[in-house]
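K.L.:
Protein chains: 2
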Amino acid sequence: MIRTLVITLCTAFLMNGNAMAQKSTPTLNDLVPGGATYRSIENLYGLQWWGDACVRPDTDSLFIVNVRTGKKSLLTTRKQVNAVLDAGKLPNLSHFYAVKFPWAETDEMLLTLGNRYVVYDFGKKEANVLHTLPEKAANMDFCNESRRIAYTVGNNLYVDNDRLTDEPEGIVCGRSVHRNEFGIEKGTFWSPKGNLLAFYRMDETMVTTYPLVDISTRIAKLNTVRYPMAGMTSHNVSVGIYNTNSKGIVYLETGDPTDRYFTNISWSPDEKAIYLIELNRDQNHSKLCRYDAENGKLLATLIEEEHTKYVEPQHPIAFLPWDTTQFVYQSRRDGYNHLYLYDTNGKQLKQLTAGDWLVQDLIGFGEKSKCLFIRSTECSPLQSNIYRVDSCGKRTLLGSADGVHRGTVNASGTYLIDTYTAPGVPRNIHIIDTKKGLSVNLLTAENPFKDFDMPAIETGTIKAADGVTDLYYRLIKPAGFDPDKKYPTIVYVYGGPHAQLITGSFQYNAGGWDIYMATKGYVMFTLDNRGSGNRGLAFENCTFRRLGIEECKDQVEGIEYLKKLPYVDGNRIGVHGWSYGGHMTTALMLRHPDIYKVGVAGGPVIDWKYYEVMYGERYMDTPESNPEGYGQSNLNRLAGKLKGHLLLIHDDQDETCVPQHTLSFMKACIDAGTYPDLFIYPGHKHNVRGRDRIHLYGKITRYFEEHL
Amino acid sequence: MIRTLVITLCTAFLMNGNAMAQKSTPTLNDLVPGGATYRSIENLYGLQWWGDACVRPDTDSLFIVNVRTGKKSLLTTRKQVNAVLDAGKLPNLSHFYAVKFPWAETDEMLLTLGNRYVVYDFGKKEANVLHTLPEKAANMDFCNESRRIAYTVGNNLYVDNDRLTDEPEGIVCGRSVHRNEFGIEKGTFWSPKGNLLAFYRMDETMVTTYPLVDISTRIAKLNTVRYPMAGMTSHNVSVGIYNTNSKGIVYLETGDPTDRYFTNISWSPDEKAIYLIELNRDQNHSKLCRYDAENGKLLATLIEEEHTKYVEPQHPIAFLPWDTTQFVYQSRRDGYNHLYLYDTNGKQLKQLTAGDWLVQDLIGFGEKSKCLFIRSTECSPLQSNIYRVDSCGKRTLLGSADGVHRGTVNASGTYLIDTYTAPGVPRNIHIIDTKKGLSVNLLTAENPFKDFDMPAIETGTIKAADGVTDLYYRLIKPAGFDPDKKYPTIVYVYGGPHAQLITGSFQYNAGGWDIYMATKGYVMFTLDNRGSGNRGLAFENCTFRRLGIEECKDQVEGIEYLKKLPYVDGNRIGVHGWSYGGHMTTALMLRHPDIYKVGVAGGPVIDWKYYEVMYGERYMDTPESNPEGYGQSNLNRLAGKLKGHLLLIHDDQDETCVPQHTLSFMKACIDAGTYPDLFIYPGHKHNVRGRDRIHLYGKITRYFEEHL
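First to last, the protein sequences are chains L and D.
In this text, residue positions in the first sequence follow the numbering used here: the first is 5, and each later residue adds one.
In this text, residue positions in the second sequence follow the numbering used here: the first is 5, and each later residue adds one.
#1: Given that Val217/L touches chain D, what residues does it touch there, using C-beta distances under 7 Å?
#2: Would a C-beta distance cut-off of 8 Å place Pro215/L and Leu667/D closer than the cut-off?
#3: Taking buried to mean at least 16 other C-beta atoms within 10 Å of its own C-beta, is Pro631/L buried or exposed?
#4: Once DSSP output is grouped into helix, strand and coil, what is the label at His182/L?
#5: If we require 3 or more residues per run, which beta strand (DSSP E) segments fall completely within the segment 205–240 of chain L?
#6: Enumerated in chain order, which unbroken segments of the beta strand (DSSP E) with a length of 3 residues or greater are wholly contained in the segment 632–668 of chain L?
#7: My parser needs the beta strand (DSSP E) runs of 3 or more residues fully inside the segment 346–413 of chain L; what are they?
#8: Using the beta-carbon count (16 or more within 10 Å), is Ile335/D buried or exposed?
#9: Give the straight-line distance between the Cα atoms of Asp675/L and Arg539/D, rounded to the nearest whole angstrom.
#10: Is Trp194/L helix, strand or coil by DSSP?
#11: Give the residues of chain D in contact with Gly677/L, contact being defined as C-beta atoms less than 7 Å apart.
#12: Decide if Asn432/L is buried, meaning its Cβ has at least 16 other Cβ atoms within 10 Å, or exposed.
#13: Between Glu382/L, Arg595/L, Gly417/L, Ile435/L, which lies nearest to Tyr424/L when the distance is taken from Cα to Cα?
#14: Any beta-carbon of chain D closer than 8 Å to the one on Ser238/L?
#15: Does any CB atom of chain L fall closer than 8 Å to the CB of Arg179/D?
#16: Kindly list the residues whose CB is nearer than 7 Å to the CB of Glu310/L, restricted to its own chain and excluding five residues on each side of it in sequence; keep chain order.
#17: Threshold first: 3 residues or longer. Then list the beta strand (DSSP E) segments lying entirely within the segment 50–90 of chain L, N to C.
#18: Compare the C-beta of Thr212/D with all C-beta atoms of chain L and state if any pair is closer than 8 Å.
#19: With distance defined between alpha-carbon atoms, name the residue in Tyr584/D, Trp53/D, Asp625/D, Tyr314/D nearest to Tyr496/D.
#20: Mind checking Gly407/L: buried by the 16 CB within 10 Å criterion, or exposed?
#21: If I follow the unbroken beta strand (DSSP E) through Tyr758/D, where does it start and stop?
#22: Report yes if the CB atom of Arg641/D is closer than 8 Å to the CB atom of Gly635/D, and no otherwise.
#23: Which ranges would you report for the beta strand (DSSP E) in the segment 581–612 of chain L if only whole runs of at least 3 residues count?
#24: Less than 8 Å between CB atoms is the rule here; does Lys374/D satisfy it with respect to chain L?
#25: Using only CA atoms, which one of Ile577/L, Leu682/L, Lys524/L lies nearest to Thr29/L?
#26: If you measure from the beta carbon of Arg706/D to each beta carbon in chain L, is any gap under 8 Å?
#27: Could you check if Leu216/D belongs to the surroundings of the ligand SAM, using beta carbon to heavy atom distance under 7 Å?
#28: Just to confirm the assignment, what range does the alpha helix (DSSP H) spanning Tyr255/L have?
#29: With a threshold of 16 other CB atoms inside 10 Å of the CB of Asp655/D, please say whether the residue is buried or exposed.
#30: DSSP beta-bridge partners for Asn247/L?
#31: On the CB-based measure, 16 or more other CB atoms within 10 Å of its CB, does Asn268/L come out buried or exposed?
#32: Using only alpha-carbon positions, find the residue among Thr81/L, Lys601/L, Tyr346/L, Glu109/L that is nearest to Leu97/L.
#33: Distance check for Ala142/D and Ile245/D, CA to CA, integer angstroms please.
#34: DSSP three-state label for Pro711/L, please.
#35: What would DSSP say about Ala16/L, mapped onto helix, strand or coil?
#36: Does the segment 372–385 of chain L come into contact with the segment 405–422 of chain L, if we say contact requires no fewer than three beta-carbon pairs (one atom in each stretch) closer than 8 Å?
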């Protein structure tokens, strides 16, 4: 039985597709990024804080925005800056959008001109080259305090002109490790004053290589990636600390790094200690550890967490600016990600936030008023709203109560740049007084699709297959919707952890292709099943050790709901998704061949044993310890069940979900005597971006048109 | 204008599809090799000469056949042989089909039992192990005279228990070289008495590797092949001679082997000299050379041939058994492959055969009557018939004047085992007295499709696009043919050098899939265009430096012919082919998008610059010396012309026509905004054989059914 609570949140300009029939129909090129006529939403690129001042760049001018009135005053022009650059025989700026203002206390801005880092002094009208990097420099990490720069060339790490490491192929330094899991996004971490640089060193020599083939050269060449597959030998990570004064390096004395993860690096404010969260390979036991930054010795283990399924630390600790003995620690231990205040002895002082909603980000502090700023789902699981949290834990909403907000606070924490979108709001930008809540509007972006006849989009909830949990869906009705007609319906699915497809952002986060297909006469449907993001720990981890099983059950509930809609043609239901959504698409086609007639699976996981250790084992454990789970979720075993038309698309440079998934499925279907279709995008990685994305969606569209 | 001369050669049992409507329809499994119910044609496996006696093996018995009467008498039983093998603790024989009789003068047969070579003595009723080879032995070459055996393990060569070479990876010994072009099929060549072994050594270390990926392992692994692409650096070949008595090796002193081909190795009857045909990289100048087998020095250059397009030596010289100073040399110098008699001074004594037909094989000699036996196209370009050629050059046809014959003569050349098929003859085997022409029949195979309702097959000729040349076509009419209906039509094409699709063999050489599609209601058509095999030099080399261009013109003449047939639906024409035929299919779809609605191209050449040096440069020269030709034939440049449905199929282990062809075409189509389809067969090489072949044809059939 389906218990539905349909919340129709549509705004007028989205709903009135019919009434505006004189408008034109958007093309893929209009709707999809990469398209020749893509309608991107207006933005204020490069809007940023310069200490407590707000800088607003333009192509030809740079403005200071009055944070109370929103009025802008000219800071300089491109002509002026380029004249100074010319004098210094430096390349010109072609716009101001990428300039930086790292120094609140000086009259300078930082320019990146090719491989040069240039400091532009407004007072002296001078431009001085701070760094000239080698051409192959990557992973640049500029330290605002010391003005040093860390970067990598190949697999080794450099600071300024000094080469820090001299490792052979297979050992990489200064880059992100553990395949960007556990919130890791980079490999270098400057200490607060910039005297020390912590960095990752990852030894991958023991990891089996996966051969990808690049066909763009005269004769195809090998692109080897180190890819530790579930249950196989993984890499070893260590953390080094480089002292810019002594030029020495010490490595943290963590003991044998085999089968351990070192995540969420942060510094003590005095630079004397470094903190990180260690995790065992089973990912069910985390430890917040403090190491001595000078000699690398373990000083203390402050916080430990265990869970029968998994713990997944994703946020480094953050010290209070007004009390260097206290820090904020994030944990899902009560079921939702919340903030906890600890002291440096590891004693929990208080739980700062609580409730059946979750903190998404700690975005900053207000030092004077001793408050902090967060983004959370407190208003709605579909939303991200910004709150000021004071020292008693009292929360004050900043900005509108709808939509998906992102924000940055100024140096003092007195003002917030708040950028948000909502179902009917393409993009609004405000500056908000964090104390009084007053705001000035800097941008109300025009609806980029205002000239088009756009389909109606609605959302609502149905019950999950457990009969209890509310799941959000999004439904897009075809252009020129006629309730008496029967429409073919396509489900766009992802379904995996971390992601959420239905949000309270512009057009409820509907993708361009979904809207395009609606304009072509399809009902487009999406359901965020259990296991997906932003709904808390229990919602997510009910899929543990059997990925895809509960998720498919929930998706079938979505179909039951759809089939009750009088305008849905239950005999013409298709499904499409990418990556985890490719797995879901293939799984739904095979497990429910009588429901889904046509599927297009992009970059799918077919067998979790071919997926990598970090992500895969968190949810599935290893093939050795969980043979039943791996067996149940191995879609190659279901290849014989294929009945409808199923197109698998893979990229030949996919190093996230390697081509073996899709090719092994082809083999399984050949063995089973079933007939999937296949397409490969050469030169792309785990999705198809840029200009070729239009071809991708053209291909997918044709497939549904031909077969659904 | 089409000038047609339709020769309808159909036999009754093939024509009467309609009249036998009560019969069942064959399935792909019945018609295609690899199918579970595949109807192979009856044969006498292992039928062979033992000196002048004819041995006929059976599963359980071994017979001697009286060559005059055809009557068989029991030689031994499997029970008897296995009892002897048991006594020697040797594995048993499971049938007699693979036993050999290399020694006319002894009472022995040679058995291969796993990795053991065993001599079975009929008189002594003894079985003795002659050789036990290592498990990884390959390329076995047994010398009847010396009873020694040459073989390879990895890239090195062995004789008996001696390792002859010790080369690192990248240098291969004892295997076929030059990618099996120039008639090369093996890498070892025993001297007439077995004292010496000539062998190829190929240094590929300078050849760029092509990475193929094998996805059948736990984590996909690399399968690197050395693949010299047109215009790129090629391998170096040398010829070694191993002396089994001194155990020494000398290499022929050929000089720098760079960009040279060493082909068609043969021995002088006295073992003192070795002959080979050398060819320059341009392949327009060949030399028959004699080297001293003892010291490797060049003794003489006997015959040189040059041609403005190419020469292609494919046949080693053969010495007359009755005069060791004379040998037979084969050449296309007068436009057709014919036999020439030379003496060892390099003097041409006479042209043995001549005419506007060609010699396909020299199959043996009759020593006493000083005659030789050939297969030729003298009866018809579609046929292979066996002739006895006497010393005056007089030819006598042996066996029937129709069909495609293969034969072996006995030691004295007095009798011939003649195996042939003809349009209405599945397989007949005779023993023929080569002098009197009398024959006895050993087998008249039953038609394996006699229980099925088979479609009618006819052949005929049309004029090529040059308006002069006759081209043969084959046309299969749909089952239950109704002349008043309009049928969709599929062209099955190859079109490249050496091959001939329409022959006078069983069912005119029609493939199982062609027949299957006819039973499903398609007209199936094939045309051997100019450039294809068995029609002589000018017919073949008119495509020089622009492969595919003339061939496509001829194929369009075939379409013009088809369109005039009242029962062909000119709006529903499809095309399918593999390899060169994959190139043709793709080229036809792109050059004539208004003719061909649907195409399926298997393992296609897309751009000749991705093809290998030996075959590619013969016909195309190099990309550097022939940029116009490579440009014209590069189908990636035509990707934007795609209009119909085109499916490209490639094998992921294709080391003949590497996957870069098909994948670069996908990229070209993505860039051009066109939409081909793709499928990949994992684990196969340049075609799909075995059980998976049924899936392949299922896939192809579905594609035409969906789109044509």
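From the three backbone atoms N, C-alpha and C, an ideal C-beta is built for every residue, glycine too.
P.N.:
A quick look at the data gives this:
#1: Numbered from 1 along the first sequence, position 213 holds the residue referred to as residue 217/L. What Val217/L touches in chain D: Pro215, Val217.
#2: Position 211 of the first sequence holds residue 215/L. Position 663 of the second sequence holds residue 667/D. The answer is no: Cβ separation not under 8 Å.
#3: Residue 631/L sits at position 627 when you count from the first residue of the first sequence. Exposed, since its Cβ has fewer than 16 Cβ neighbours within 10 Å.
#4: On the first sequence, position 178 is the one that residue 182/L refers to. Three-state result, His182/L: helix.
#5: 213–218, 225–230
#6: 649–655
#7: 352–355, 363–370, 375–380, 389–393, 399–402, 408–413
#8: Within the second sequence, the letter at position 331 stands for residue 335/D. In the sequence on display, residue 335/D carries Ser and not Ile. With 16 or more Cβ atoms within 10 Å of its Cβ, Ser335/D is classed as buried.
#9: On the first sequence, position 671 is the one that residue 675/L refers to. On the second sequence, position 535 is the one that residue 539/D refers to. Going by the C-alpha atoms only, they are around 41 Å apart.
#10: Counting from one through the first sequence, the residue named residue 194/L turns up at place 190. The answer is strand: DSSP assigns Trp194/L an E or B state.
#11: Against the first sequence, residue 677/L aligns to sequence position 673. The answer, in chain order, is His699.
#12: Taking the first sequence and counting its residues from 1, the one referred to as residue 432/L is at position 428. Buried.
#13: Counting from 1 along the first sequence, the entry for residue 424/L is found at position 420. The residue with the shortest Cα to Cα distance from Tyr424/L is Ile435/L.
#14: Position 234 of the first sequence, counted from the start, is the residue given in the question as residue 238/L. Output row for Ser238/L: interface = no.
#15: For the purposes of this step, residue 179/D is taken as the residue at position 175 of the second sequence. Cβ-Cβ to chain L under 8 Å: no for Arg179/D.
#16: Position 306 of the first sequence, counted from the start, is the residue given in the question as residue 310/L. Contacts found: Asn288, His289.
#17: 52–54, 57–61, 65–69, 76–81
#18: Within the second sequence, the letter at position 208 stands for residue 212/D. Yes, because at least one Cβ of chain L sits closer than 8 Å to the Cβ of Thr212/D.
#19: As a working mapping, residue 496/D is identified with position 492 in the second sequence. Per the Cα distances, Tyr584/D.
#20: As a first step, residue 407/L must be located in the first sequence, where it is residue number 403. Classification for Gly407/L: buried.
#21: This structure cannot settle anything about residue 758/D, because the visible part of chain D is limited to 5 through 712.
#22: The residue labelled residue 641/D in the question sits at position 637 within the second sequence. The residue labelled residue 635/D in the question sits at position 631 within the second sequence. Yes, the Cβ-Cβ distance between Arg641/D and Gly635/D is below 8 Å.
#23: 602–606
#24: Here residue 374/D refers to the residue found at position 370 when the second sequence is read from its first residue. It does not; no Cβ of chain L falls within 8 Å.
#25: Mapped onto the first sequence, residue 29/L falls at position 25. Closest by alpha carbon: Lys524/L.
#26: Indexing the second sequence from 1 puts residue 706/D at position 702. Yes, contact with chain L.
#27: With respect to small molecules bound, the structure shown includes none, and the ligand SAM cannot be examined in it.
#28: If you number the first sequence from 1, residue 255/L lands on position 251. Counting along the chain, Tyr255/L falls outside any alpha helix (DSSP H), though it belongs to the beta strand (DSSP E) covering 253–255.
#29: On the second sequence, position 651 is the one that residue 655/D refers to. It is buried - the Cβ of Asp655/D has at least 16 other Cβ atoms within 10 Å.
#30: Numbered from 1 along the first sequence, position 243 holds the residue referred to as residue 247/L. Note: Asn247/L sits in a beta bridge opposite Leu200/L.
#31: Walking along the first sequence from the start, residue 268/L turns up at place 264. That one is buried.
#32: By one-based count along the first sequence, residue 97/L stands at place 93. Closest option to Leu97/L, Cα to Cα, is Thr81/L.
#33: Position 241 of the second sequence, counting from 1, holds the residue named residue 245/D. Position 138 of the second sequence, counting from 1, holds the residue named residue 142/D. Distance between the alpha carbons of Ile245/D and Ala142/D: 19 Å.
#34: Residue 711/L sits at position 707 when you count from the first residue of the first sequence. First, the residue type needs correcting, since residue 711/L is His and not Pro in the sequence shown. Helix, per DSSP.
#35: Locating residue 16/L in the first sequence gives position 12, where the first residue counts as 1. The predicted position of Ala16/L is uncertain, since its pLDDT is 38 and thus under 50; a value taken from the coordinates is nonetheless stated next. Correct three-state label for Ala16/L: helix.
#36: yes
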